[in-house]
Amino acid sequence: MNNIDKTKKRLSNIGTIGTLILIIIVMSIVLLILRPNSFGTYTNFNNLLRQTSINGIIALGMTIVIITAGIDLSVGAIVAYSGVLVSQLTVLHEMPVLLAVLISILLSTIIGIFNGILVHDAKIPPFIATMGTMTILRGFVKFITGGRMINNVPDSLTNICQMNILGIPFLFLIWFILIIFTYIFLNHTVAGRNIYALGSSREVARLSGINIRTHIYLAYTISGLFSGIAGILLVSRLGAGVPTAGLSYELDAIASSVIGGASLTGAEGSAIGTILGAFIMQMLRNGGNLLGIDPFILEMVIGFLIVISVYVDQLRKLKKS
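Next up, the structure:
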(Lines of atoms letter the chains of each structure in order from A and count residues from 1; the text may use other names and numbers.)
(Lines give C-alpha, C1' and ligand atoms only; values in the text may rest on other atoms or scores of the structure.)
Protein backbone atom coordinates (compact mmCIF):
# COMPACT_ATOMS: atom_id res chain seq x y z
CA MET A 1 0.00 0.00 0.00
CA ASN A 2 1.61 3.30 -1.12
CA ASN A 3 1.52 6.59 0.77
CA ILE A 4 -1.42 7.95 -1.28
CA ASP A 5 -3.52 4.86 -0.50
CA LYS A 6 -2.59 5.10 3.17
CA THR A 7 -3.64 8.76 3.27
CA LYS A 8 -6.96 7.98 1.56
CA LYS A 9 -7.60 5.14 3.99
CA ARG A 10 -6.76 7.35 6.97
CA LEU A 11 -9.11 10.11 5.76
CA SER A 12 -11.85 7.54 5.14
CA ASN A 13 -11.44 6.19 8.69
CA ILE A 14 -11.57 9.70 10.14
CA GLY A 15 -14.79 10.38 8.22
CA THR A 16 -16.37 7.14 9.41
CA ILE A 17 -15.38 7.70 13.03
CA GLY A 18 -16.58 11.31 12.92
CA THR A 19 -19.96 10.17 11.61
CA LEU A 20 -20.26 7.52 14.33
CA ILE A 21 -19.39 10.03 17.06
CA LEU A 22 -22.02 12.42 15.68
CA ILE A 23 -24.62 9.62 15.76
CA ILE A 24 -23.78 8.85 19.40
CA ILE A 25 -24.02 12.54 20.34
CA VAL A 26 -27.41 12.91 18.61
CA MET A 27 -28.73 9.73 20.26
CA SER A 28 -27.52 10.94 23.66
CA ILE A 29 -29.17 14.35 23.25
CA VAL A 30 -32.48 12.78 22.17
CA LEU A 31 -32.49 10.33 25.10
CA LEU A 32 -31.52 13.06 27.56
CA ILE A 33 -34.48 15.13 26.35
CA LEU A 34 -36.96 12.24 26.39
CA ARG A 35 -35.72 10.48 29.55
CA PRO A 36 -33.66 13.02 31.54
CA ASN A 37 -34.24 11.30 34.88
CA SER A 38 -33.17 7.85 33.73
CA PHE A 39 -30.74 7.98 30.78
CA GLY A 40 -28.47 10.65 32.23
CA THR A 41 -27.97 8.99 35.62
CA TYR A 42 -24.68 7.56 36.85
CA THR A 43 -26.36 4.19 37.41
CA ASN A 44 -27.58 3.96 33.81
CA PHE A 45 -24.23 5.11 32.42
CA ASN A 46 -22.47 2.52 34.58
CA ASN A 47 -24.82 -0.19 33.33
CA LEU A 48 -24.31 0.96 29.74
CA LEU A 49 -20.55 0.56 30.11
CA ARG A 50 -20.94 -2.92 31.63
CA GLN A 51 -23.37 -4.05 28.95
CA THR A 52 -21.24 -2.73 26.11
CA SER A 53 -17.95 -4.10 27.41
CA ILE A 54 -18.67 -7.81 26.96
CA ASN A 55 -20.08 -7.47 23.44
CA GLY A 56 -17.37 -4.95 22.64
CA ILE A 57 -14.60 -7.39 23.55
CA ILE A 58 -16.08 -10.03 21.23
CA ALA A 59 -16.50 -7.43 18.47
CA LEU A 60 -12.80 -6.50 18.59
CA GLY A 61 -11.82 -10.09 17.83
CA MET A 62 -14.49 -10.30 15.15
CA THR A 63 -13.14 -7.15 13.48
CA ILE A 64 -9.66 -8.65 13.15
CA VAL A 65 -11.17 -11.73 11.47
CA ILE A 66 -13.37 -9.62 9.18
CA ILE A 67 -10.34 -7.59 8.07
CA THR A 68 -8.88 -10.86 6.70
CA ALA A 69 -12.11 -11.26 4.66
CA GLY A 70 -13.21 -13.98 7.08
CA ILE A 71 -16.03 -14.40 9.57
CA ASP A 72 -16.29 -16.13 12.96
CA LEU A 73 -19.74 -17.44 13.83
CA SER A 74 -18.40 -19.46 16.77
CA VAL A 75 -17.77 -16.51 19.12
CA GLY A 76 -21.08 -16.81 20.98
CA ALA A 77 -20.60 -20.54 21.47
CA ILE A 78 -17.06 -19.95 22.76
CA VAL A 79 -18.52 -17.47 25.26
CA ALA A 80 -20.90 -20.16 26.53
CA TYR A 81 -18.15 -22.81 26.59
CA SER A 82 -15.70 -20.60 28.47
CA GLY A 83 -18.33 -19.56 31.00
CA VAL A 84 -19.60 -23.08 31.65
CA LEU A 85 -16.07 -24.45 31.90
CA VAL A 86 -14.89 -21.91 34.48
CA SER A 87 -18.10 -22.49 36.45
CA GLN A 88 -17.66 -26.26 36.46
CA LEU A 89 -14.01 -26.06 37.42
CA THR A 90 -14.64 -23.70 40.33
CA VAL A 91 -17.97 -25.07 41.59
CA LEU A 92 -17.87 -28.81 40.89
CA HIS A 93 -14.12 -29.39 41.07
CA GLU A 94 -13.28 -26.62 43.56
CA MET A 95 -10.38 -25.43 41.47
CA PRO A 96 -8.78 -22.07 42.37
CA VAL A 97 -10.49 -19.30 40.42
CA LEU A 98 -7.34 -17.96 38.77
CA LEU A 99 -6.31 -21.40 37.50
CA ALA A 100 -9.84 -22.11 36.24
CA VAL A 101 -9.93 -18.76 34.42
CA LEU A 102 -6.56 -19.41 32.76
CA ILE A 103 -7.59 -22.91 31.64
CA SER A 104 -10.88 -21.62 30.22
CA ILE A 105 -9.19 -18.82 28.30
CA LEU A 106 -6.45 -21.17 27.04
CA LEU A 107 -8.95 -23.72 25.71
CA SER A 108 -11.00 -20.94 24.09
CA THR A 109 -7.84 -19.75 22.36
CA ILE A 110 -7.15 -23.28 21.12
CA ILE A 111 -10.65 -23.35 19.62
CA GLY A 112 -9.70 -20.19 17.74
CA ILE A 113 -6.61 -21.95 16.39
CA PHE A 114 -8.84 -24.87 15.36
CA ASN A 115 -10.98 -22.44 13.36
CA GLY A 116 -7.85 -21.16 11.66
CA ILE A 117 -6.87 -24.71 10.71
CA LEU A 118 -10.32 -25.36 9.24
CA VAL A 119 -10.24 -22.13 7.22
CA HIS A 120 -6.67 -22.28 5.93
CA ASP A 121 -5.56 -25.91 5.92
CA ALA A 122 -8.90 -27.65 5.32
CA LYS A 123 -9.92 -24.91 2.85
CA ILE A 124 -13.42 -24.74 4.34
CA PRO A 125 -15.15 -21.37 3.80
CA PRO A 126 -15.03 -19.34 7.06
CA PHE A 127 -18.83 -19.15 7.29
CA ILE A 128 -19.21 -22.95 7.15
CA ALA A 129 -16.12 -23.73 9.24
CA THR A 130 -17.04 -21.50 12.16
CA MET A 131 -20.72 -22.42 11.96
CA GLY A 132 -19.62 -26.04 12.36
CA THR A 133 -17.50 -25.12 15.38
CA MET A 134 -20.43 -23.19 16.82
CA THR A 135 -22.75 -26.19 16.47
CA ILE A 136 -20.22 -28.60 17.99
CA LEU A 137 -19.60 -26.32 20.98
CA ARG A 138 -23.30 -25.65 21.57
CA GLY A 139 -23.98 -29.38 21.65
CA PHE A 140 -20.96 -30.10 23.84
CA VAL A 141 -21.86 -27.43 26.40
CA LYS A 142 -25.41 -28.76 26.70
CA PHE A 143 -24.08 -32.32 26.99
CA ILE A 144 -21.65 -31.63 29.85
CA THR A 145 -24.20 -29.56 31.78
CA GLY A 146 -27.33 -31.52 30.97
CA GLY A 147 -28.72 -28.19 29.81
CA ARG A 148 -28.72 -26.88 33.39
CA MET A 149 -27.16 -23.71 34.78
CA ILE A 150 -24.21 -23.95 37.16
CA ASN A 151 -24.96 -21.70 40.12
CA ASN A 152 -23.04 -20.64 43.23
CA VAL A 153 -19.90 -19.53 41.43
CA PRO A 154 -17.29 -18.10 43.84
CA ASP A 155 -17.64 -14.51 45.02
CA SER A 156 -14.14 -13.75 43.75
CA LEU A 157 -15.48 -14.42 40.25
CA THR A 158 -18.75 -12.48 40.53
CA ASN A 159 -16.93 -9.56 42.15
CA ILE A 160 -15.19 -8.83 38.84
CA CYS A 161 -18.43 -7.46 37.43
CA GLN A 162 -19.29 -5.54 40.59
CA MET A 163 -15.92 -3.84 40.97
CA ASN A 164 -15.44 -0.16 40.20
CA ILE A 165 -12.12 1.66 40.06
CA LEU A 166 -12.45 5.42 40.49
CA GLY A 167 -16.13 5.00 39.66
CA ILE A 168 -15.41 3.17 36.40
CA PRO A 169 -16.61 -0.45 36.00
CA PHE A 170 -13.74 -2.93 36.06
CA LEU A 171 -15.35 -4.67 33.06
CA PHE A 172 -14.89 -1.51 31.02
CA LEU A 173 -11.25 -1.20 32.09
CA ILE A 174 -10.59 -4.74 30.84
CA TRP A 175 -12.24 -3.81 27.54
CA PHE A 176 -10.22 -0.61 27.38
CA ILE A 177 -6.97 -2.58 27.74
CA LEU A 178 -8.04 -4.87 24.89
CA ILE A 179 -9.00 -1.83 22.78
CA ILE A 180 -5.48 -0.45 23.20
CA PHE A 181 -3.99 -3.87 22.36
CA THR A 182 -6.13 -4.16 19.21
CA TYR A 183 -5.40 -0.60 18.12
CA ILE A 184 -1.64 -1.06 18.50
CA PHE A 185 -1.77 -4.50 16.87
CA LEU A 186 -3.66 -3.31 13.79
CA ASN A 187 -1.93 0.04 13.33
CA HIS A 188 1.60 -0.31 14.66
CA THR A 189 2.74 -3.89 14.09
CA VAL A 190 3.91 -5.74 11.00
CA ALA A 191 1.39 -8.51 11.70
CA GLY A 192 -1.46 -6.00 11.78
CA ARG A 193 -0.44 -4.45 8.47
CA ASN A 194 -0.11 -7.92 6.97
CA ILE A 195 -3.65 -8.78 8.07
CA TYR A 196 -4.96 -5.74 6.17
CA ALA A 197 -2.92 -6.82 3.14
CA LEU A 198 -4.32 -10.34 3.44
CA GLY A 199 -7.86 -9.00 3.38
CA SER A 200 -7.14 -6.80 0.39
CA SER A 201 -5.75 -9.57 -1.81
CA ARG A 202 -4.60 -12.95 -0.57
CA GLU A 203 -2.65 -13.63 -3.75
CA VAL A 204 -0.81 -10.30 -3.66
CA ALA A 205 -0.07 -10.85 0.04
CA ARG A 206 1.38 -14.28 -0.76
CA LEU A 207 3.54 -12.91 -3.56
CA SER A 208 4.76 -10.21 -1.15
CA GLY A 209 6.14 -12.91 1.12
CA ILE A 210 3.42 -12.76 3.78
CA ASN A 211 2.82 -16.09 5.52
CA ILE A 212 -0.91 -16.58 4.91
CA ARG A 213 -1.29 -19.49 7.32
CA THR A 214 0.33 -17.65 10.23
CA HIS A 215 -1.87 -14.58 9.89
CA ILE A 216 -5.13 -16.49 9.44
CA TYR A 217 -4.25 -18.54 12.52
CA LEU A 218 -3.43 -15.33 14.37
CA ALA A 219 -6.74 -13.63 13.50
CA TYR A 220 -8.90 -16.56 14.59
CA THR A 221 -6.73 -17.18 17.66
CA ILE A 222 -7.25 -13.61 18.87
CA SER A 223 -10.98 -13.96 18.23
CA GLY A 224 -11.07 -17.15 20.32
CA LEU A 225 -9.01 -15.51 23.06
CA PHE A 226 -11.26 -12.45 23.29
CA SER A 227 -14.41 -14.59 23.25
CA GLY A 228 -12.99 -16.72 26.07
CA ILE A 229 -12.33 -13.61 28.14
CA ALA A 230 -15.86 -12.37 27.41
CA GLY A 231 -17.24 -15.70 28.60
CA ILE A 232 -15.51 -15.32 31.96
CA LEU A 233 -16.84 -11.78 32.33
CA LEU A 234 -20.37 -12.87 31.42
CA VAL A 235 -20.31 -15.49 34.20
CA SER A 236 -19.18 -12.76 36.57
CA ARG A 237 -22.12 -10.62 35.48
CA LEU A 238 -24.75 -13.39 35.55
CA GLY A 239 -23.42 -15.15 38.64
CA ALA A 240 -23.77 -18.54 36.92
CA GLY A 241 -22.55 -20.64 34.03
CA VAL A 242 -25.38 -20.67 31.49
CA PRO A 243 -25.30 -23.28 28.67
CA THR A 244 -27.36 -21.07 26.37
CA ALA A 245 -25.28 -17.94 27.01
CA GLY A 246 -23.96 -15.99 24.06
CA LEU A 247 -26.87 -16.68 21.72
CA SER A 248 -26.79 -14.18 18.82
CA TYR A 249 -23.58 -12.61 20.21
CA GLU A 250 -21.92 -13.39 16.88
CA LEU A 251 -24.53 -11.23 15.14
CA ASP A 252 -24.01 -8.39 17.61
CA ALA A 253 -20.26 -8.59 17.06
CA ILE A 254 -20.62 -8.55 13.28
CA ALA A 255 -23.06 -5.64 13.54
CA SER A 256 -20.70 -3.64 15.77
CA SER A 257 -17.84 -4.23 13.34
CA VAL A 258 -19.82 -3.39 10.21
CA ILE A 259 -21.50 -0.32 11.73
CA GLY A 260 -18.02 0.71 12.87
CA GLY A 261 -16.72 0.70 9.30
CA ALA A 262 -15.47 -2.86 8.78
CA SER A 263 -16.08 -4.34 5.33
CA LEU A 264 -17.25 -7.93 4.99
CA THR A 265 -15.08 -8.16 1.87
CA GLY A 266 -11.99 -7.53 3.99
CA ALA A 267 -9.14 -5.02 4.36
CA GLU A 268 -11.22 -2.43 6.24
CA GLY A 269 -12.04 -1.98 9.91
CA SER A 270 -10.58 -0.43 13.04
CA ALA A 271 -10.59 -0.78 16.81
CA ILE A 272 -12.01 2.72 17.31
CA GLY A 273 -14.79 2.21 14.78
CA THR A 274 -15.71 -1.09 16.39
CA ILE A 275 -16.07 0.36 19.90
CA LEU A 276 -18.24 3.18 18.54
CA GLY A 277 -20.34 0.63 16.67
CA ALA A 278 -20.72 -1.39 19.88
CA PHE A 279 -21.82 1.73 21.77
CA ILE A 280 -24.41 2.57 19.11
CA MET A 281 -25.79 -0.97 19.30
CA GLN A 282 -26.04 -0.89 23.09
CA MET A 283 -27.43 2.65 23.19
CA LEU A 284 -30.23 1.52 20.87
CA ARG A 285 -31.12 -1.26 23.29
CA ASN A 286 -30.64 0.85 26.40
CA GLY A 287 -32.61 3.78 25.00
CA GLY A 288 -35.30 1.48 23.65
CA ASN A 289 -35.77 -0.09 27.07
CA LEU A 290 -36.02 3.32 28.73
CA LEU A 291 -38.58 4.43 26.15
CA GLY A 292 -40.57 1.22 26.55
CA ILE A 293 -40.06 0.09 22.95
CA ASP A 294 -40.76 -3.59 22.29
CA PRO A 295 -37.38 -5.45 22.25
CA PHE A 296 -38.45 -7.37 19.13
CA ILE A 297 -38.89 -4.08 17.30
CA LEU A 298 -35.42 -3.04 18.49
CA GLU A 299 -33.96 -6.22 17.00
CA MET A 300 -35.67 -5.38 13.71
CA VAL A 301 -34.19 -1.87 13.81
CA ILE A 302 -30.71 -3.27 14.45
CA GLY A 303 -31.19 -5.70 11.57
CA PHE A 304 -32.11 -2.86 9.22
CA LEU A 305 -29.08 -0.91 10.50
CA ILE A 306 -26.78 -3.81 9.59
CA VAL A 307 -28.28 -4.08 6.10
CA ILE A 308 -27.94 -0.33 5.54
CA SER A 309 -24.31 -0.37 6.77
CA VAL A 310 -23.38 -3.19 4.41
CA TYR A 311 -25.23 -1.49 1.53
CA VAL A 312 -23.37 1.79 2.12
CA ASP A 313 -20.08 -0.14 2.19
CA GLN A 314 -20.92 -1.77 -1.15
CA LEU A 315 -21.82 1.60 -2.68
CA ARG A 316 -18.51 3.03 -1.47
CA LYS A 317 -16.61 0.15 -3.05
CA LEU A 318 -18.48 0.50 -6.34
CA LYS A 319 -17.63 4.21 -6.39
CA LYS A 320 -13.94 3.41 -5.82
CA SER A 321 -13.90 0.86 -8.64
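For the sequence shown, our numbering begins at 1352 and goes up steadily by one. Positions of the beta carbon are idealized from the N, C-alpha and C atoms, including for glycine. As the structure is a computational prediction, the values presented were derived from the model and not from experiment.
Does DSSP put residue i in a helix, a strand or coil?
i     : result
P1477 : helix
N1388 : coil
I1422 : coil
P1520 : strand
I1429 : helix
G1617 : coil
G1592 : strand
I1580 : helix
I1380 : helix
I1501 : strand
D1645 : coil
G1369 : helix
G1560 : coil
G1597 : coil
Return the residue from the list the options that minimises the CA-CA distance to residue i.
i     : options                       : result
Q1402 : L1584, E1650 and T1392        : L1584
G1638 : V1555, V1452 and S1379        : S1379
I1631 : A1556, E1650 and S1607        : S1607
F1494 : G1628, Y1568 and P1594        : P1594
I1535 : G1490, I1623 and R1489        : I1623
S1455 : G1575, I1374, L1373 and T1486 : G1575
V1442 : S1425, M1485, I1429 and V1586 : V1586
Y1662 : R1553, L1649 and G1612        : G1612
S1599 : N1395, L1373, A1428 and K1474 : A1428
K1668 : G1628, E1619 and A1451        : E1619
E1445 : G1369, I1567, D1506 and D1645 : D1506
L1488 : I1418, G1463, L1449 and I1468 : G1463
A1410 : P1646, I1605 and D1645        : I1605
G1412 : I1546, T1367, P1387 and P1447 : I1546
G1483 : G1497, I1468 and T1496        : I1468
State the start and end residues of the unbroken alpha helix (DSSP H) segment that holds residue i.
i     : result
I1409 : Y1393 to I1418
L1458 : V1448 to H1471
Q1633 : A1622 to L1642
L1443 : Segment: none, L1443 is in no alpha helix (DSSP H) and carries neither H nor E.
S1507 : D1506 to Q1513
N1545 : V1541 to S1551
L1602 : Y1600 to I1610
Using beta-carbon positions only, say whether residue i and residue j come within less than 7 Å of one another.
i     : j     : result
F1532 : L1400 : no
I1415 : I1530 : no
Y1432 : V1492 : yes
T1460 : T1616 : no
N1406 : D1603 : yes
I1408 : F1521 : no
V1437 : V1452 : yes
G1597 : V1435 : no
L1424 : T1481 : yes
I1511 : A1591 : no
Kindly give me the distance between the Cβ atoms of residue i and residue j, rounded to whole angstroms, as I take these residues to be in contact under 8 Å.
i     : j     : result
S1621 : L1537 : 7 Å
I1610 : L1666 : Not a contact, Cβ separation roughly 15 Å.
L1383 : G1391 : 5 Å
L1642 : I1653 : No, L1642 and I1653 are not in contact; Cβ-Cβ is about 15 Å, not under 8 Å.
G1324 : A1542 : With the chain covering 1352 to 1672 only, the question about residue 1324 has no answer from this structure.
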